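Just so it is clear: in the sequence shown, position 6 is 299 by the numbering used here, and no numbers are missing.
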Amino acid sequence: SGLSHPTEFDDIGFELHRGEILGFYGLVGAGRSEVMQAISGITRTSSGTITLEGKAIAPKSAADSIDAGIVYVPEERGKQGVVIGLPIFQNISLPSLKRTSKSGVLRLAEEFALARSYTERLDLRAASLSQDVGTLSGGNQQKIVIAKW
Numbered sequence: 294s295g296l297s298h299p300t301e302f303d304d305i306g307f308e309l310h311r312g313e314i315l316g317f318y319g320l321v322g323a324g325r326s327e328v329m330q331a332i333s334g335i336t337r338t339s340s341g342t343i344t345l346e347g348k349a350i351a352p353k354s355a356a357d358s359i360d361a362g363i364v365y366v367p368e369e370r371g372k373q374g375v376v377i378g379l380p381i382f383q384n385i386s387l388p389s390l391k392r393t394s395k396s397g398v399l400r401l402a403e404e405f406a407l408a409r410s411y412t413e414r415l416d417l418r419a420a421s422l423s424q425d426v427g428t429l430s431g432g433n434q435q436k437i438v439i440a441k442w
């Protein structure tokens, strides 16, 4: 509550409960992306608090927010959300490399299993998990961004 940034937004507050999904809308330049980037640790706030499950958190980086269970799903999925040129399964497994590797070696079967579990739940429309993510529709690319987290 009371989140502020010196140049982008002032005194933002809201409450979100388990199982709810929050979306922001507004005109370009209204600050919606900047608020979400601050909550997810991408940019810093000048004041305010973020409380998650009764505990105050102060993310200093995106990694801090991810560890706390907060992620940013960008609106510019092709520029910020997916890695064009990489296959679907690798786009999904990138944030989970510790889980899909052993002694620094990637385990392809683990990457595919992880990707398959998420794409089935999100009803991804693709010919193969080896398909370049850049060949997917915008909606399916957005599913990949969500599947990462």
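The beta carbon of each residue, even a glycine, is placed where N, CA and C say it ideally should be. Predicted model only: the values in this text are computed from it and were never measured.
Query, Result
"Along the chain, where does the beta strand (DSSP E) containing residue 348 start, and where does it finish?", "348-350"
"Buried or exposed: where does residue 314 fall if 16 or more other Cβ atoms within 10 Å of its Cβ makes it buried?", "exposed"
"Could you give the C-beta distance for residue 404 and residue 383, rounded to a whole number, given that I count them as a contact under 8 Å?", "7 Å"
"Would you kindly report the start and end of the unbroken alpha helix (DSSP H) that includes residue 303?", "From DSSP, residue 303 is part of no alpha helix (DSSP H) but of the beta strand (DSSP E) over 302-305."
"Anyone know if the C-beta pair for residue 387 and residue 376 falls short of 9 Å?", "yes"
"Tell me which same chain residues have a C-beta within less than 6 Å of the C-beta of residue 441, skipping the five on either side of it?", "385, 388"
"My output table needs one value for residue 388: the three-state DSSP class, helix, strand or coil.", "helix"
"Please work out which residues of its chain come closer than 8 Å, Cβ to Cβ, to residue 433, disregarding the five sequence neighbours upstream and downstream, and give them in chain order.", "417, 418, 419"
"Roughly how many angstroms separate the alpha carbons of residue 396 and residue 402, rounded to a whole number?", "15 Å"
"Per DSSP, residue 437 is paired with what?", "None; residue 437 has no bridge partner."
"Where residue 340 and residue 368 are concerned, what is the direct C-alpha to C-alpha distance, given to the nearest angstrom?", "25 Å"
"In this structure, how does DSSP classify residue 353 when only helix, strand and coil are distinguished?", "coil"
"Would you call residue 251 buried or exposed, if buried means 16 or more other Cβ atoms sit within 10 Å of its Cβ?", "No answer is possible for residue 251: it lies beyond the span of the chain, which begins at 294 and ends at 442."
"Would you mind listing the alpha helix (DSSP H) stretches within the region 388-432 that are 4+ residues and don't spill past its ends, in chain order?", "401-414"
"Would residue 327 and residue 307 be called neighbours here (beta carbons separated by less than 9 Å)?", "no"
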